[in-house]
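Residue numbers (the working numbering): 4 to 381.
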Ligand code: ZN
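Right, here's the structure in full:
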């Protein structure tokens with residue numbers, strides 16, 4: 004499988020899991036180094052070490068549930084553990100989701116013990132009637148166990164907010180899914196998430212900070228939660244809708260292929276006469292790849308109408324077998340950055356799938372409820 008990791012700096016492997024750092028992360032550290040000084044940079048790096056451990060917690064729990072983790076990526080907004088698949092069993096989802104925050108909680112507890120031993124006065128919040136709390140400004144100058152206490156406390160609490168994409172959202176959905184169906188559980192969890200997003204947005208607007216920093220962060224968080232809730236809802240809806248369906252269910256069989264010997268003008272001509280804008284590149288029935296409309300236009304502009312399909316770059320990709328689960332086919336759209344997927348039977352192309360045909364197929368299933376789509380085939 005060719006899996007691109009376009010913006011990641013590869014850092015090595017832990018337990019066989021690739022660890023990557025997004026280039027914007029490096030940029031962020033460089034920015035802090037220049038603008039805030041070394042103690043702040045170390046504070047941020049400690050924070051991201053805890054994020055990495057949090058993600059490793061998810062990854063190891065996933066491994067225990069027999070799900071591989073492709074990679075862990077650190078971004079300025081946090082970390083992502085890319086699991087090979089989403090667990091279908093709600094108990095597995097629960098275990099995997101809880102494992103991340105648990106790591107932070109354990110570190111938090113160890114640091115709390117450290118504080119009790121070395122600086123018990125820190126916990127004397129009220130002293131002589133005055134509050135003594137370590138301020139955010141000072142925290143970067145504190146001993147490491149105090150920094151880690153603070154960082155892990157925040158990571159733990161933040162991730163338990165019951166809204167996607169936070170772990171709390173997954174934990175909440177998993178608990179619901181133990182006594183109701185998965186789609187309904189997701190819908191409820193997504194709605195609660197949207198409720199949180201609205202609440203965050205109002206808090207951001209009603210209590211603006213002097214610097215404006217909190218307002219921006221809270222608003223961004225609100226948007227982030229909102230988008231994630233909708234995405235998760237759609238994902239699960241699609242997954243439920245397409246369960247048990249295969250590539251051949253969603254393909255159309257009336258389509259035009261491009262041969263490597265075709266000149267570009269011929270395809271432009273075909274495009275004018277039909278709805279098709281992207282073409283499978285096929286020679287004697289065998290699939291070589293996909294020529295997207297953008298690639299076609301680009302090469303047409305650059306090389307002129309007479310150049311042949313075989314001489315210009317196209318997306319190199321194999322067709323999917325007709326009995327490939329539809330869910331897997333959908334993943335291919337993203338991983339191959341392709342607008343079209345050819346479907347093959349014994350190495351010969353028999354149909355194509357595009358985002359539009361998948362949408363239409365989904366609508367058909369919904370409209371006919373049980374999805375007796377066999378009736379629609381000719
Ligand atoms: Zn997590």
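Idealized CB from N, CA, C, for every residue including glycine.
Quick one: does the C-beta of residue 328 sit closer than 8 Å to a heavy atom of ligand 1?
Residue mapping note: residue 328 aligns to position 325 of the chain shown, counting from 1. Because no heavy atom of ligand 1 lies under 8 Å away, the Cβ of residue 328 does not count as near it: no.
Between residue 180 and residue 266, which are expected to be in contact by the criterion C-beta below 8 Å, what is the C-beta distance as a whole number of angstroms?
For this step, residue 180 is matched to residue 177 along the chain shown. For this step, residue 266 is matched to residue 263 along the chain shown. Not confirmed; about 54 Å, so no contact.
At which residues does the beta strand (DSSP E) containing residue 15 begin and terminate?
Counting from 1 along the chain shown, the entry for residue 15 is found at position 12. Taken as a continuous stretch (DSSP letters only), the beta strand (DSSP E) holding residue 15 covers 11-17.
Every unbroken beta strand (DSSP E) inside the region 320-371 [3 residues or more]
343-348, 351-357
In terms of residue numbering, what span does the beta strand (DSSP E) encompassing residue 284 cover?
The residue labelled residue 284 in the question sits at position 281 within the chain shown. Run containing residue 284: 282-286, per the beta strand (DSSP E) assignment.
Are the CB atoms of residue 365 and residue 220 nearer to each other than 9 Å?
Here the question's residue 365 lines up with position 362 in the chain shown. Here the question's residue 220 lines up with position 217 in the chain shown. No, the Cβ-Cβ distance between residue 365 and residue 220 is not below 9 Å.
Under 9 Å, do residue 246 and residue 177 count as touching if we go by C-beta distance?
For the purposes of this step, residue 246 is identified with residue 243 of the chain shown, where counting begins at 1. For the purposes of this step, residue 177 is identified with residue 174 of the chain shown, where counting begins at 1. Contact flag unset, no.
Return yes when the C-beta of residue 391 is under 8 Å from any heavy atom of ligand 1, and no when it is not.
Only positions 4 to 381 of the chain appear in this structure, which leaves residue 391 out of reach.
Is the CB-CB distance between residue 166 and residue 207 below 9 Å?
What you label residue 166 is simply residue 163 of the chain shown in a count that begins at 1. What you label residue 207 is simply residue 204 of the chain shown in a count that begins at 1. Not in contact: residue 166 and residue 207 (Cβ atoms no closer than 9 Å).
Please report the straight-line C-alpha distance between residue 308 and residue 342, rounded to a whole angstrom.
Position 305 of the chain shown, counted from the start, is the residue given in the question as residue 308. Position 339 of the chain shown, counted from the start, is the residue given in the question as residue 342. Distance between the alpha carbons of residue 308 and residue 342 is about 22 Å.
With respect to the alpha helix (DSSP H) encompassing residue 189, which residues constitute its N-terminal and C-terminal limits?
Here residue 189 refers to the residue found at position 186 when the chain shown is read from its first residue. Residues 185-209.
Inter-residue spacing [alpha-carbon to alpha-carbon] between residue 326 and residue 348:
Sequence index remark: in the chain shown, residue 326 carries index 323 (1-based). Sequence index remark: in the chain shown, residue 348 carries index 345 (1-based). Rounded to the nearest angstrom, the two C-alpha atoms are 9 Å apart.
Give a single yes or no on whether residue 144 has its beta carbon closer than 8 Å to a heavy atom of ligand 1.
Taking the first residue of the chain shown as 1, we reach residue 144 at position 141. No - ligand 1 has no heavy atom lying nearer than 8 Å to the Cβ of residue 144.
Measure how close the beta-carbons of residue 75 and residue 84 come, nearest whole angstrom, since I'm counting them as under 8 Å.
Position 72 of the chain shown, counting from 1, holds the residue named residue 75. Position 81 of the chain shown, counting from 1, holds the residue named residue 84. About 5 Å; that satisfies the 8 Å criterion.
Would residue 142 and residue 150 qualify as a contact pair, given that the criterion is a beta-carbon distance under 9 Å?
Translated into the one-based positions of the chain shown, residue 142 becomes position 139. Translated into the one-based positions of the chain shown, residue 150 becomes position 147. Yes, the Cβ-Cβ distance between residue 142 and residue 150 is below 9 Å.
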